[in-house]
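J.: One structure coming up, written as structure tokens, with questions to follow.
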Amino acid sequence: MNAWLAEIWRAWRTCLRRPGFLLLAAGVLALGIGASTAVFVLIDDVLLQPLPYAAPERLVVLGPQRDGQLLGILSPREYQHVQSIRGITAIGLIKGDLQAVNLAGDGEPEQISAFLADRGLLPALGVRMRLGRNFSAQEDRPGGPKAVILAEGFWRRRYGAQPVLGRTLRVEGVARTIVGVLPASFDQFGAGDIMLPLALRPHTFDDGGDFFAIARLASASAAAVVDAQVDAALRALFADVSGPRRDYLDKVRFGSVPLSAALHQQQRPAMTLFLASALCVLLIALVNLGNLMLLRTLSRRHDATVRHALGAPAWRLALPACAEGLLVGAGGAIAGLGLAAIGLSLFSGYVPAEWTHGQPLHISRAVALLAMAIAVPGALAAAAFGAWRGLATASVQEALHEGGRSASRRSGRLGRGLVIAQMALATCLMCGAGLFLHALYDAARTPLGFASDHILTFDLAPVHGGNPNASTRDLVQRLLQNLHAVPGVGRVAVTNGLPAGGFEQQFNMGGVHLPGRGYLHPSPQIRGVSSEFFSVFHIPVREGRSFDATDVAGGEPVAIVNQTLADRQYDGHAVGKEIVVNDYSGYPAGKAMADDPAMHPVTARIIGVVGDTRQFGPLDSMKRGFLYLPLAQMPEHIVHAFRSFQPLRFALRVQGDPNRYRQAAHAAVAAVAPEQPIATVSTMDDIVRATTDDTRRDLFLIGLFALVALGLAAAGMYAVMTVAVAARAREFGVRMALGAPPLGMVRLVLHGAIAQIAMGMLLGVGLTLVLSRVLGAVLEEIGRSVFDPLALAGVCAVLALAGLLACLVPALRAARVPPMHALRGE
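Numbering follows our numbering, in which position 310 of the sequence shown is assigned residue number 319; successive positions increment by one, without gaps.
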């Protein structure tokens, strides 16, 4: 034992006395550990942490699925058909989209977000109220007592965490009693401020598709039984359905998906990509470390061989390398954790707030232990590998007569193999970064179909009155007039959805078809717009005319379609044709709607065709049909539907910087409706820029990993080529003595380097194509493919240049070997 400790202490003392190798090796390992630890923290916080509810493993979301992926969600009508199935102890329904509502009472009027849920949701989740109680059965019925539950953040912000139970809050002009406050942990379904009762009608025909049905299983093993019952119940409900809906039903099955998987379904592809990138960096670091350890062992081969000749056992020869590996592993782990902590604090702004629910990222004890468990054994394995190769090539005669040069040449093949592996992994990462970079480059040059410059936008949810729809139209007209009068404002438009933005800008509805034909599938996006909408956004009118002041209620119903819808349904000649909206006679609820005059079909004449726009920004490659209707002509219940789903969006085309008109917009609204709040004041340029946030985030993180990988690969190549040149110094001296020019020596060294680089790049491109599923899931969202020749060629050019630069210094050193060096060796 004393001999072991003495050998370890001697190795540590030698290493610390000349810490150059220790700092280099620990630094290489720290880069890999830091990158992987940061991603481990992200995955731990986003995907692995259990949901903050009782027995979260028993919580599921019911809906259509395929291959374990939730494809859609249940409508209220479908929800009512699965409430009584066996194997479920509680079930609740929550509306997937937050609703903008106006608030008055106990403070300044403001627009906030509300989520709607029935009284079954909180018991299903097992939520324990922060204060108060859940909705009662009477409060969750149409026409029942008006109640509201506050989110804890809103309670603290508006009421200062003071007692609020029993107080009144006016929501959309309706006095509601505050009956409870949710706990801070209830933030898995968006950052809503208040919760309102869903108040479903019994035996509803509501087929809205933006609801989540969340159930608590009687036991974790009851999922199969529940899935079979849900599938049978809903297939019986849709037994008479035909057409595209039947085709869809035949391709899916109804069942349950774990709630945690459903909530993280959107983040999982990006997380998988980040994890693969971090593991690539870690693997490159470990390969590089193994190479460094091998070179370190070979540099001490003469000393080791002499000790072996004097009778030292093999374990004493390998122990110094392993002791150094232990020191490198500990130092690399500590430095890597420090780098990860710094990186998380610096780049946490790139992580969407909804991923972490507003909580800061931190390195947990489990993640720190995982980092140590990777770093220390990895460094020890690299050291043992170097020691084993050093002992395997040991030869007393070569060591004494040639100084170990012959062994170095034989071991050089292994070093070159490790360099090729590093280049292959670096190529794989660089290809991912190149694909995202090419996508963003194309996005910067892609026409959006509209102009976003010099436009200020804001949201306004008209406060409901006794006649909500009439007051909405009146309010909108007065606001348009007042905003027009603001100096510097050229044109003003109002719509239910801007030309670009996130899913919150979408609105599509059924009941749309051509006369005498079936419903349009896919259903077009519906846009209610004012007459200046197309001129504000400079959307070109391809054919016909735009809306004008004559297109008002009581006049001939008119419509405008975009080029995609015109080509898809009218063979490119839509002007003068007709389209039917608001026709639900073919729906299950059609008979119930037939007696409601507001639900009668409206046949509109198409007066114009406008250009296509990219709804989700420049990376949106999907062509969608759009149907534009004059807001002044739209049926009252559709206007009400707009208001129920989302606020109205106002857009002002101004002179100069749009941000200078923020106060003027507030003042113009306040002059017309002092109690009317506005929200989300932003420039259209900012909205368009936000559509590429996810891609820029992916590019930043993968690009950062790729740069680290490129640096590690280049450093590994430099180290191997330096040792190779030193080992062949005698050969180069002889060549120089025989008249070889210095440039020939440079070419000789670079020739071998180019072969290694080319082989590594070839393997890396092949690995990228093999792992295309990891990248493909993310690239599909932005309409890109792994098979991008321009991006791959650019990546190869960068890698080749970096590799050649790394080999240039050793090559120049080979050209400067003096011939006398070889002669002295003889």
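Ideal placement from N, C-alpha and C gives every residue a C-beta, glycine not left out.
#1: Ends of the alpha helix (DSSP H) at A741?
#2: Considering only residues of the same chain and omitting the five flanking positions on each side of Q765, which have a CB-CB separation below 6 Å?
#3: When DSSP labels each residue in this structure, what does T689 get in the three-state scheme?
#4: For L51 and V250, what's the separation of their Cα atoms in angstroms?
#5: Within 10 angstroms of its Cβ, does E87 collect 16 or more other Cβ (buried), or is it exposed?
#6: Provide the residue span of the alpha helix (DSSP H) that contains M770, from first to last.
#7: Pick from K155, P211, I203 and G395: whose alpha carbon is nearest that of P85?
#8: By the DSSP assignment, the beta strand (DSSP E) with D468 in it spans what residues?
#9: Residue ranges of each beta strand (DSSP E) run of no fewer than 3 residues wholly in the segment 123–154, ordered along the chain?
#10: Looking at the structure shown, is T365 part of a helix, part of a strand, or coil, going by DSSP?
#11: Go through its chain and collect everything with a Cβ distance to L336's Cβ below 7 Å, but skip five positions before and after it.
#12: The alpha helix (DSSP H) with R822 in it runs from where to where?
#13: CB F467 to CB F659, shorter than 7 Å?
#14: With distances taken Cα to Cα, identify the nearest neighbour of G41 among A332, Q431, P267 and G129.
#15: So, do the segment 129–141 and the segment 100–108 have three or more beta carbon pairs nearer to each other than 8 Å?
#16: Taking just the CA atoms, how far does R671 sit from V503?
#17: According to the neighbour-count rule (16 or more other Cβ atoms, all chains shown, within 10 Å of its Cβ), is Y359 buried or exposed?
#18: If L707 and F445 are in contact, beta carbons under 8 Å, what's the gap, nearest whole angstrom?
#19: Any idea which residues DSSP pairs L83 with across the strands?
#20: Given a cut-off of 7 Å, decide if V485 and L661 are closer than it, judged by their beta-carbon atoms.
#21: Evaluate contact between the segment 450–468 and the segment 712–723, counting only Cβ atoms and requiring at least three cross-stretch pairs below 8 Å.
#22: Opposite Q78 in the DSSP bridges: which residues?
#23: Please go through the same chain and pick out, in chain order, the residues whose beta-carbon is closer than 7 Å to the beta-carbon of A392, but skip the five residues on each side of it.
#24: Is the beta carbon of V681 sitting closer than 7 Å to the one on L488?
#25: Have a look at the DSSP bridge pairing and note the partners of I615.
#26: Could you tell me whether the segment 220–238 touches the segment 254–268, where touching means 3 or more Cβ pairs closer than 8 Å?
#27: Out of S691, G441 and R26, which one is the CA nearest neighbour of N668?
#28: Is there contact here, the segment 618–637 with the segment 574–581, by at least three beta-carbon pairs under 8 Å?
#29: Tell me G537's beta-bridge partners as DSSP assigns them.
#30: Can you find the residues in the same chain that come closer than 7 Å, C-beta to C-beta, to L83, ignoring five residues on each side of it along the sequence?
#31: Do you know whose CA, among P172, A583 and V183, lies nearest G189's CA?
#32: Relative to the alpha-carbon of L125, which residue among W364, R137 and G105 has its alpha-carbon at the smallest distance?
#33: Where does G458 fall in DSSP's three states?
#34: So what's V296 in DSSP terms, helix, strand or just coil?
#35: Quick check on I711: buried or exposed, where buried means 16 or more other Cβ atoms within 10 Å of its Cβ?
#36: Here's the rule I'm using: 16 or more other beta-carbon atoms within 10 Å means buried, otherwise exposed. How should R142 be labelled?
T.: Checking against the coordinates, here is how it stands:
#1: Checking the sequence, you will find Phe at residue 741 rather than Ala. Start and end: A738 to A746.
#2: R425, V428 and I429
#3: strand
#4: 44 Å
#5: buried
#6: P751 to V779
#7: P211
#8: I464 to L469
#9: none
#10: helix
#11: W21, C24 and L31
#12: P798 to A824
#13: yes
#14: Q431
#15: yes
#16: 16 Å
#17: exposed
#18: The displayed chain sequence assigns Asp, not Leu, to residue 707. So it is a contact: roughly 6 Å between Cβ atoms.
#19: DSSP output for L83 lists no bridge partner at all.
#20: no
#21: no
#22: R75
#23: M302, A330, C331, E333 and G334
#24: yes
#25: A568
#26: yes
#27: S691
#28: yes
#29: L638
#30: L71, G72, F220 and A222
#31: P172
#32: G105
#33: coil
#34: helix
#35: buried
#36: exposed
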